Each structure stands twice: as C-alpha cells, then as structure tokens.
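Only one structure is covered here, and it is reproduced in the block below.
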Amino acid sequence: MMPMGSMQPAGTMAPVSTMPPMSTMPPVSTMPPQVTSGSPMTPTGAVVPTTAPVFEQSYIENIFRLNLGKIGTFYYTYENNKEWNAKVYKGVLEAAGRDHIIISDPVTGQRTVLLMIYFDYATFDEPLVYQYPGVIGNPPTRNCR
Numbered sequence: 009m010m011p012m013g014s015m016q017p018a019g020t021m022a023p024v025s026t027m028p029p030m031s032t033m034p035p036v037s038t039m040p041p042q043v044t045s046g047s048p049m050t051p052t053g054a055v056v057p058t059t060a061p062v063f064e065q066s067y068i069e070n071i072f073r074l075n076l077g078k079i080g081t082f083y084y085t086y087e088n089n090k091e092w093n094a095k096v097y098k099g100v101l102e103a104a105g106r107d108h109i110i111i112s113d114p115v116t117g118q119r120t121v122l123l124m125i126y127f128d129y130a131t132f133d134e135p136l137v138y139q140y141p142g143v144i145g146n147p148p149t150r151n152c153r
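Under this note's numbering, the first residue of the sequence shown is numbered 9, with each subsequent residue one higher.
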C-alpha cells in the first residue's frame, strides 16, 4: 500500500471499482408524447383521438356554392387585352370551384367557365345565403330597396 499523497509509478493501474451491470430495461424517455393540439389525454398518458369540427372558411368559392342557382352579374378584368380589358357576364351560377365558376345563360342554356384569377366582383338581385364560419344561423336579411 502506498502512503497518502504519493503517486503510483507510470504504467501501473489504480484499482477500479466495479459497476453493477446495466439494466436490461430500455431507458425511460422524458419527452412527452406528440399530441395533436387540443387532443385530450388520459391520466395514463394515452391520447384520446377526436375529430376536429368542420368549418368552411369564408372564401369566395364557398359563398358561391351556398348560392348556386341564383342569377348573378360577374365582373372580370383581363389585363393587357386590347380587345376587351373588362368584361361583364350575367347568368345562373351553376358551379363554383377554387379557381373557376360555371354560369349558364337562362335563355339559351349555354354554359361558360370563368376563371377566378380574372374575377373582380359579383352582384345579385336577391338575398344571398351566407354562413360565416363558426357562427350558427344566418343574420336577418334587410330590405335594401
């Protein structure tokens, strides 16, 4: 045994304490589980799946879809077109997509597909159905005439 404070000669090793063998259980993660925002969890940590409420957003195509079958006047601007820069279409609103609408002439039945990229605004001679997202019911209509 060597006195305290003395050093061992080079090349010799100090006794190493033996460590107990590592556990065979996997390490416990301290990270919480990935949970969709607003999903409830049980006390055991299980995530209870829920379905999100379906709300349409207030986009023009959704407003048009609520008013299919109504006659409207649709105003369009075609930039850099020397023949007709602005054009007005009148017809029955048949269909509405994200990037287009389809209107038909009430007399001839001819259908026209109009792209929303050129759309400016629309007017209707009757009240519109409009459901604001997340609100139940429609506001009362006023007689504007």
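All residues carry an ideal CB built from backbone N, CA and C; glycine is no exception.
Predicted, not measured: the structure shown is a model, and the values here were computed from it.
Which class does LEU101 belong to by DSSP, given the choice of helix, strand or coil? For the purposes of this step, residue 101 is identified with residue 93 of the sequence shown, where counting begins at 1. In the structure shown, the three-state DSSP call for LEU101 is strand.
Within 10 Å of its beta-carbon, does TYR140 have 16 or more other beta-carbons around it, so buried, or fewer, so exposed? Translated into positions along the sequence shown, residue 140 becomes position 132. It is exposed - the Cβ of TYR140 has fewer than 16 other Cβ atoms within 10 Å.
By DSSP's criteria, GLY80 is part of a beta bridge. Which residues make up the other side? On the sequence shown, residue 80 is found 72 positions in, with the first residue counted as 1. Answer by DSSP bridge pairing, in chain order: GLY99, PHE132.
Where does ARG73 sit, in a helix, a strand or coil, going by DSSP? Looking up residue 73 in the sequence shown gives position 65. Assigned with DSSP and collapsed to three states, ARG73 falls in helix.
Closest Cα partner of ARG106 within the set PRO57, PRO51, GLU69: Position 98 of the sequence shown, counted from the start, is the residue given in the question as residue 106. Ranking the options by Cα distance to ARG106, first place goes to GLU69.
ILE1 classed as buried or exposed, judged by whether at least 16 other C-beta atoms fall within 10 angstroms: Not covered by the structure: residue 1. The range shown for the chain is 9 to 153.
According to the neighbour-count rule (16 or more other Cβ atoms, all chains shown, within 10 Å of its Cβ), is LEU101 buried or exposed? On the sequence shown, residue 101 is found 93 positions in, with the first residue counted as 1. When all chains shown are included, LEU101 counts as buried.
Pull up the CB-CB distance for GLY99 and ILE71, whole angstroms please, since I reckon it's below 8 Å. As a working mapping, residue 99 is identified with position 91 in the sequence shown. As a working mapping, residue 71 is identified with position 63 in the sequence shown. About 17 Å separates the two Cβ atoms, so there is no contact after all.
Below 8 Å between beta carbons: does that hold for LEU122 and TYR97? By one-based count along the sequence shown, residue 122 stands at place 114. By one-based count along the sequence shown, residue 97 stands at place 89. Yes, these two residues count as a Cβ contact at 8 Å.
Alpha carbon to alpha carbon, how far is TYR84 from LEU136? Give it in angstroms, no decimals. For this step, residue 136 is matched to residue 128 along the sequence shown. For this step, residue 84 is matched to residue 76 along the sequence shown. Our two residues, LEU136 and TYR84, have alpha carbons roughly 20 Å apart in a direct line.
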